[in-house]
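Going by the working numbering, the first residue of the sequence shown is number 3, and it counts up by one from there.
Cβ atoms here follow ideal geometry from the backbone N, Cα and C, with glycine treated the same way.
What follows is a single structure, written as structure tokens, with notes after it.
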Amino acid sequence: MTTKSVGFIGGGRVTRILLGGWRRADCLPRDIAVCDPDPVARGRLEQDFGTAVTTSADPVPASRMDVVVLAVHPPILEAALGSIRPELRSDTVVLSLAPKVAMSRMASALGGFPRLARAIPNAPSLVGAGYNPVAFGSGLGEVERRAVVDLLAPLGDCPEVPEEDLEAYAVVSAMGPTYLWFQLAALRDLGVDFGLSPEAAVRATARMARGSAGILFDGSLSEAEVMDLVPVRPLAVHEEGILGAYRSALPAMYEKLAGKQLAAATA
Ligand SMILES: NC(=O)c1ccc[n+]([C@@H]2O[C@H](COP(=O)([O-])OP(=O)(O)OC[C@H]3O[C@@H](n4cnc5c(N)ncnc54)[C@H](OP(=O)(O)O)[C@@H]3O)[C@@H](O)[C@H]2O)c1
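Right under this line is the structure:
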């Protein structure tokens, strides 16, 4: 199965991320239809993607594509499924990007439609550096699974994962950039204040962030050894506060998405 056409239900941020990533990789599907009730969202897509994308407030054109991507928030996902249900082709694959709503619930809202997948993309997909875990329903065969992976692969890594892990990925890899971006931007700005050119400050900050993740996670040193490599830690007195924010806000977000309580020791 080669995916020639993709329909999006929801034309907001994640849709722009996927479309932008495909365009950058020069692999935009031939037919793309986006349904969004918001004229501003539709106008933005039309401006950004021109004739490569057709937009509508009507879900019907998007529902008839080879792959129908659900790019709406969890509270309206089931209503969105209801809106595509009458138009789905029997050979379509429905791919949800929303956390929280399991494929079992999606199948119920679609009257038992079995060809389902879920993925949790992240924003670096826009530049081909995404981390986009995907889970497949039992009603999808090898050919259709490969077609979904082929669609996601130009955007970055797309490991197949158990469906029950997707909410963890939503908090770690999908929302993760928001924990880091503001800090990296602040460090870049300080670099400029300290006299670096904007280009030099960007290069130093970006390389530092990539290298720091590399050395922490590549396994050549223990975590304690890595942490001991730099003796001066100007933010040391603030670390407990920052960790406190992680340990309160992120487990709460995970519990909300996963619909389950974490054991007290991990919170
Ligand atoms: N952004 C990311 O990086 C990211 C990453 C992974 C997963 N996701 C998931 O992707 C989903 C969408 O997120 P987003 O970031 O794209 O949100 P968003 O920017 O708010 O876009 C959602 C769009 O869906 C529209 N919409 C609402 N009801 C609709 C309906 N019945 N049919 C069609 N469109 C409808 C919204 O219009 P209104 O504004 O008028 O309501 C809005 O334009 C969420 O489930 C999110 O968790 C997002």
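Review point. For the alpha helix (DSSP H) that contains GLY23, what are its first and last residues?
Key: 15-26
Practice item. Specify, as a first and last residue, the run of the alpha helix (DSSP H) that ILE217 falls within. Key: 200-219
Review point. When burial is assigned at 16 or more other CB atoms within 10 Å of the CB, is GLU225 buried or exposed?
Key: exposed
**Study point:** Option nearest PRO88 by Cα separation, candidates ALA100, PRO63, ALA104, LEU97
**Key:** PRO63
**Study point:** ALA81: CB within 7 Å of a non-hydrogen atom of ligand 1
**Key:** yes
Check your understanding: With C-beta atoms as the reference, is GLU146 less than 8 Å away from ARG117?
Key -> yes
Review point. Using the beta-carbon count (16 or more within 10 Å), is SER210 buried or exposed?
Key: Inspection of the sequence shows that residue 210 is occupied by Met rather than by Ser. MET210 comes out exposed.
Check your understanding: Taking the runs of the alpha helix (DSSP H) that are 4 residues or longer, which of them lie wholly in the stretch 12-98?
Key -> 15-26, 41-51, 62-65, 76-86
Review point. Taking the alpha helix (DSSP H) that LEU245 falls in, what are its first and last residues?
Key: 238-260
Check your understanding: Among ALA265, LEU72, THR5, which residue has its Cα nearest to the Cα of VAL36?
Key -> LEU72
Exercise for review: Leaving aside the five residues before and after GLN263 along the sequence, list all residues of the same chain whose C-beta is less than 8 Å from its C-beta, in chain order.
Suggested key: GLU257
Review point. Grouping DSSP H, G and I as helix and E and B as strand, with all else coil, what is THR4?
Key: coil
Review point. Just to confirm, does HIS240 get its C-beta within under 7 Å of one of the non-hydrogen atoms of ligand 1?
Key: no
Exercise for review: Excluding the 5 residues preceding and the 5 following VAL173 in the sequence, name in chain order all residues of the same chain whose CB lies nearer than 6 Å to its CB.
Suggested key: LEU252, MET255, TYR256
Check your understanding: Looking at C-alpha atoms only, which residue of GLY12, VAL16, ALA131 is the closest neighbour of GLU80?
Key -> GLY12
Practice item. Pull up the distance between the alpha-carbon of LYS102 and that of PHE196, whole angstroms please. Key: 45 Å
Point to revise | Proximity below 8 Å, CB of LEU99 to CB of ALA121 | key: yes
**Study point:** Of the residues SER106, PHE10, VAL74, ALA111, the one placed nearest SER65, counting alpha carbons only
**Key:** PHE10
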